[in-house]
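Enquirer:
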Amino acid sequence: AAVITRRLAYAITGLPPELTDLAAARNAEQTGTLSAWLSDYTERLLAQPQYGERWGRYWLDVARYADTKGYVFTENREYADAWRYREWVIRSLNNDQPFDQFIHQQLAADRLPGADDPAQLAAMGFLTLGRRFLNNTHDIIDDRIDLVTRGLMGVTVSCARCHDHKYDPISQADYYSLYGVFASSEEPGGEPSPLRLVDRPQPVEPVIFVRGSPGNRGPAVPRRFPVALSAPDAPAWQTGSGRLELAQAITSPANPLTARVAVNRIWMHLFGQGLVQTPGDFGVRTEKPQHAELLDWLSAEFMASGWSRKTLLRTILRSETWRQSSDRRPDAEPADPENRLLARMNRQRLDFEAQRDSVLAASGQLDRTVGGPSADLASDPAVTRRAVYARIDRQNLPGLFRTFDLASPDAHAPRRYQTTIPQQALFYLNNTFVLNQSSEIARITAAAGDDRIAAVFAQVLRRTPNAAELADCRSFLQTIAELQQQAGQGGWQLGWGSLPENALSVSSFQPLTVVREGRLQGGDQLPDPQLGWVFLSRNGGHPGNDLQHCAIRRWTADNDCRVLLHGVVTHDSDQGDGVRMKVLASDGRLLAETIAANGTQTVAAAGIQLQAGQFVDFVVDCRTNSSHDSFRSKIVVTQAVDGQPVRIWNSEQDFREAPTPRQDPWAQLAQTLLLTNEFSFID
């Protein structure tokens, strides 16, 4: 019961099930009413606005949604109100708008009743929110042809831009017939919606561009649907640009492709693979459907239901095929190693949006507000909105999105390709978003007392731990607490202090606490009335006005260890007397010393034995005066414990404007559960 409940919740809303629903499912299983309960649960999920958010994100991949145009030189890169298209998609899905009307509005909302409604016109963002190719009209139209034909019908018409399609029955004349449709449309901008297209006063009469060259014009062609998909006597389009006729032809019951492509895409999202393995290409060189009769039947039912996606989802989600176990079937694997015939359910990993939303749901921080402008998910502190509302910058797509396989917004994406790379695990180990949510899970479960381990399991994995897991968790918590007690807090501190000429230890070390423009300094002003010019940044700093105000990077050992030290200090100015760097151990040893004046010098020391809590100071002073004493520096500490390297500390990479507190054992337990396959996979 719990497996199917979790599967339904993620399939429909992209969020984990509530604990109350899991308890109700177990109770229904015990009382023999599970089937009825699951049907009711499915209806409740389909009625939630989170359904539109989940399935809307799938459609945004098809529509190559982004908030920016890509590289456009000096032009404004932002799309005004791009988010209103996403809003329209989510609302249409939640209202179960028939799929044929869904297509009509995205292609020709300006030609339908309600053409003065900005909310309806926003649907045309499907066409207008593509990449701008430095405003090359021919490439923009090619992108729209590819979007409409591949995204809605699984036909690669763009392959006929320069010559007839090599394999499919699509001619160059077909391509330029559609080219004429989009060339006859223009973007007026402004109200009532900046996302709309309108027909030009005088439609463009298209001609074939020989070899795809606009300067080499061939014979004229009419604006019409591809011949292979049309009736023999189908007339050319004469009304306006032809976009409305195009939308009607795409959704015509006589069109053999549109319903099949839509059904196959929904099947793919539910099972992890489509009945047709290439959801954006139904051409003749594509593998035949794994079960053609099933695809045909579902497509016919889809159209007969009034193109209702919710009805199609109900049909599939109630099937024995979708509800079967995902456990291995050794008896079936020799004949079907890839499980194409679905002898069992495919075990699916959560995509980026579902993973991020689930982390926030586990910590109780998820903002479930529906709709609104885009948010920067890569910001710190983290935005807690659902990932569907992420701001997508075509030109500068955040590394986070690329790491977790977000679809490229540069072109129609028929599917996402899941990768397993080290950066994904490193994100869950080190990113402040995960660390902060783990700490929040620890905080909200603190009141559970002796049942706290069970409370953490309930928040993250939505179940109770078994006896072995309880024992492992208690051992884990005890080990972490002991290690932290032994180690103490180590790492970097940035501050200032006094180091007289012949002294071997710093006196009066004081941390730099004021953050200004990426640097740490002693007060609000620079120079400070008492401290002078002393400050430190990621790449260097400046000493104070005398030896009583040196700039100091202090590294503290968190374990008994042996370290290798290497530092570089650069004084760029050809004026002044340069700066001096001394490397001092906390027990009074001078480990290294150098002077950098209009050049670069290095310091190094090997085999330095330190106990936990002992430190090394990298002290930079002004020598005889503080004139022209800005410096650049980089310090690397290689730490070994029991003869084994455990960490490399880098002053540039480790720079923080505020110290990062060490996670307590309970937060580390929560983070460990977030790292499990059980959390990252639906089954």
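Residues 114 to 796 (my numbering) are what the sequence shown spells out, left to right.
Backbone N, C-alpha and C define an ideal beta-carbon position, used for all residues, glycine too.
Take T181 and list the residues in its own chain whose beta-carbon comes closer than 7 Å to its own, dropping the five residues that flank it on each side.
Expert: Here residue 181 refers to the residue found at position 68 when the sequence shown is read from its first residue. Same-chain partners within the cutoff: R190, E191, Y192, D506, R507 and Q508.
Enquirer: Do R199 and V501 come within 9 Å of each other at the CB atom, strictly closer than that value?
Expert: Translated into the one-based positions of the sequence shown, residue 501 becomes position 388. Translated into the one-based positions of the sequence shown, residue 199 becomes position 86. Cβ distance < 9 Å, so V501 and R199 count as in contact.
Enquirer: Grab the span of the beta strand (DSSP E) containing G653 for me, first residue to last.
Expert: As a position in the sequence shown, residue 653 is number 540, starting the count at 1. Taken as a continuous stretch (DSSP letters only), the beta strand (DSSP E) holding G653 covers G653 to H655.
Enquirer: Please state whether DSSP places V320 in a helix, a strand or coil.
Expert: For the purposes of this step, residue 320 is taken as residue 207 along the sequence shown, with counting starting at 1. Here V320 sits in strand by DSSP.
Enquirer: Taking the straight line between their C-alpha atoms, what separation do you get for A664 and D734?
Expert: Mapped onto the sequence shown, residue 664 falls at position 551. Mapped onto the sequence shown, residue 734 falls at position 621. Taking the straight line joining both Cα atoms gives about 7 Å.
Enquirer: Exposed or buried, V496, counting other C-beta atoms within 10 Å across all chains shown (16 or more means buried)?
Expert: Position 383 of the sequence shown, counted from the start, is the residue given in the question as residue 496. It is buried - the Cβ of V496 has at least 16 other Cβ atoms within 10 Å.
Enquirer: Three-state secondary structure (DSSP) at M694?
Expert: Along the sequence shown, one-based indexing puts residue 694 at 581. Residue state, collapsed to three classes: strand.
Enquirer: Tell me, please, whether the region 708-726 touches the region 688-698 by the rule of three or more beta-carbon pairs shorter than 8 Å.
Expert: Output reads yes: the region 688-698 touches the region 708-726.
Enquirer: Helix, strand or coil: which one does DSSP assign to L411?
Expert: On the sequence shown, residue 411 is found 298 positions in, with the first residue counted as 1. Looking at L411 - three-state DSSP - the assignment turns out to be helix.
Enquirer: Please report the Cβ distance between C586 and L788, rounded to the nearest whole angstrom; I am assuming they are in contact, meaning their Cβ atoms lie under 8 Å.
Expert: Working through the sequence shown from its first residue, we reach residue 586 at position 473. Working through the sequence shown from its first residue, we reach residue 788 at position 675. Not a contact, Cβ separation roughly 14 Å.
Enquirer: Taking contact to mean at least 3 C-beta pairs separated by less than 8 Å, is the region 627-640 in contact with the region 648-658?
Expert: Yes, the region 627-640 touches the region 648-658.
Enquirer: Of the choices N377, T424 and S421, whose alpha-carbon is the least far from that of H404?
Expert: What you label residue 404 is simply residue 291 of the sequence shown in a count that begins at 1. Residue N377 is the option with its Cα nearest to H404.
Enquirer: Taking 8 Å as the threshold, find out whether the region 654-663 comes into contact with the region 734-743 through three or more Cβ pairs.
Expert: The answer is yes - the region 734-743 touches the region 654-663, with three or more Cβ pairs under 8 Å.
Enquirer: From D229 to Q163, what distance separates their C-alpha atoms?
Expert: Position 116 of the sequence shown holds residue 229. Position 50 of the sequence shown holds residue 163. Going from the Cα of D229 to the Cα of Q163 covers about 28 Å.
Enquirer: By DSSP, does F338 sit in helix, in strand, or in coil?
Expert: The residue you call residue 338 lines up with position 225 of the sequence shown. Here F338 sits in coil by DSSP.
Enquirer: Tell me the rounded alpha-carbon separation between L159 and R441.
Expert: As a working note, residue 159 is residue 46 in the sequence shown. As a working note, residue 441 is residue 328 in the sequence shown. Each residue's alpha carbon lies about 30 Å from the other.
Enquirer: Report the start-end ranges of each alpha helix (DSSP H) in the region 329-391 that is 4 residues or longer and not cut off at the edges.
Expert: List check, alpha helix (DSSP H) in window: 356-363 and 371-384.
Enquirer: How far does the alpha helix (DSSP H) with S521 in it reach, from first residue to last?
Expert: Counting from 1 along the sequence shown, the entry for residue 521 is found at position 408. Careful: S521 lies outside any alpha helix (DSSP H) and carries neither H nor E.
Enquirer: In angstroms with no decimal places, state the Cα-to-Cα distance between D277 and F338.
Expert: Position 164 of the sequence shown, counted from the start, is the residue given in the question as residue 277. Position 225 of the sequence shown, counted from the start, is the residue given in the question as residue 338. Rounded to whole angstroms, D277 to F338 spans 15 Å at the Cα level.
Enquirer: In terms of residue numbering, what span does the beta strand (DSSP E) encompassing A747 cover?
Expert: Looking up residue 747 in the sequence shown gives position 634. Reading the sequence as shown, one finds Lys at residue 747 and not Ala. It spans F744 to V754 - the beta strand (DSSP E) in which K747 sits, taken as one unbroken run.
Enquirer: Would you mind giving the Cβ-Cβ distance between P129 and R575, rounded to the nearest angstrom? I have them listed as a contact below 8 Å.
Expert: As a working mapping, residue 129 is identified with position 16 in the sequence shown. As a working mapping, residue 575 is identified with position 462 in the sequence shown. About 6 Å separates the two Cβ atoms, so the contact holds.
Enquirer: Less than 9 Å between the C-beta atoms of Q531 and R453, yes or no?
Expert: As a position in the sequence shown, residue 531 is number 418, starting the count at 1. As a position in the sequence shown, residue 453 is number 340, starting the count at 1. No, Cβ-Cβ distance for Q531 and R453 is not below 9 Å.
Enquirer: Do you know offhand how far E595's Cα is from Q776's?
Expert: Here residue 595 corresponds to residue number 482 of the sequence shown, with the count starting at 1. Here residue 776 corresponds to residue number 663 of the sequence shown, with the count starting at 1. Computed Cα separation, rounded: 14 Å.
Enquirer: Would you say V681 and V729 are within 9 Å of each other, going by their C-beta atoms?
Expert: Position 568 of the sequence shown, counted from the start, is the residue given in the question as residue 681. Position 616 of the sequence shown, counted from the start, is the residue given in the question as residue 729. For V681 and V729, no; Cβs fall outside 9 Å.
Enquirer: Measuring CA to CA, which of F215, P494 and F246 is closest to I363?
Expert: Position 250 of the sequence shown, counted from the first residue, corresponds to residue 363. Per the Cα distances, F215.
Enquirer: Using the Cβ count rule (16 or more neighbours within 10 Å means buried), how would you classify F186?
Expert: As a working mapping, residue 186 is identified with position 73 in the sequence shown. Exposed is the call here.
Enquirer: P335 to L265, Cα distance in whole Å?
Expert: Position 222 of the sequence shown, counting from 1, holds the residue named residue 335. Position 152 of the sequence shown, counting from 1, holds the residue named residue 265. Looking at the two C-alpha atoms, the distance is approximately 22 Å.
Enquirer: Answer yes if the region 173-180 comes into contact with the region 230-244, meaning at least three C-beta pairs across the two stretches below 8 Å, and no otherwise.
Expert: Touching, per the Cβ criterion.
Enquirer: Report yes or no: do the region 510-525 and the region 534-542 share at least 3 C-beta pairs separated by less than 8 Å?
Expert: Yes, they touch.
Enquirer: With C-beta atoms as the reference, is D58 less than 9 Å away from V311?
Expert: Residue 58 lies beyond the stretch modelled for the chain, which goes from 114 to 796, so this question has no answer here.
Enquirer: Thinking D174 and A520 are a contact (beta carbons under 8 Å), I'd like their distance in whole angstroms, please.
Expert: Reading the sequence shown from its first residue, position 61 is the one you call residue 174. Reading the sequence shown from its first residue, position 407 is the one you call residue 520. The Cβ separation is near 4 Å, so the contact holds.
Enquirer: I think A114 touches A138, with their Cβ atoms under 8 Å apart; what is that distance to the nearest whole Å?
Expert: In the sequence shown, counting from the first residue as 1, residue 114 sits at position 1. In the sequence shown, counting from the first residue as 1, residue 138 sits at position 25. Confirmed, about 4 Å.
Enquirer: To the nearest angstrom, report how far apart A141 and S492 are at their CA atoms.
Expert: In the sequence shown, residue 141 corresponds to position 28, counting from 1. In the sequence shown, residue 492 corresponds to position 379, counting from 1. For A141 and S492, the distance between alpha carbons rounds to 43 Å.
Enquirer: In the DSSP assignment, what are the bridge partners of A705?
Expert: What you label residue 705 is simply residue 592 of the sequence shown in a count that begins at 1. Answer by DSSP bridge pairing, in chain order: V696.
Enquirer: Taking the straight line between their C-alpha atoms, what separation do you get for A467 and G127?
Expert: Locating residue 467 in the sequence shown gives position 354, where the first residue counts as 1. Locating residue 127 in the sequence shown gives position 14, where the first residue counts as 1. Each residue's Cα considered, the two are about 5 Å apart.
Enquirer: Closest by CA to Q437, which one among T533, R460 and S686?
Expert: The sequence position of residue 437 within the sequence shown is 324, counting from 1. Ranking T533, R460 and S686 by Cα distance to Q437 puts R460 first.
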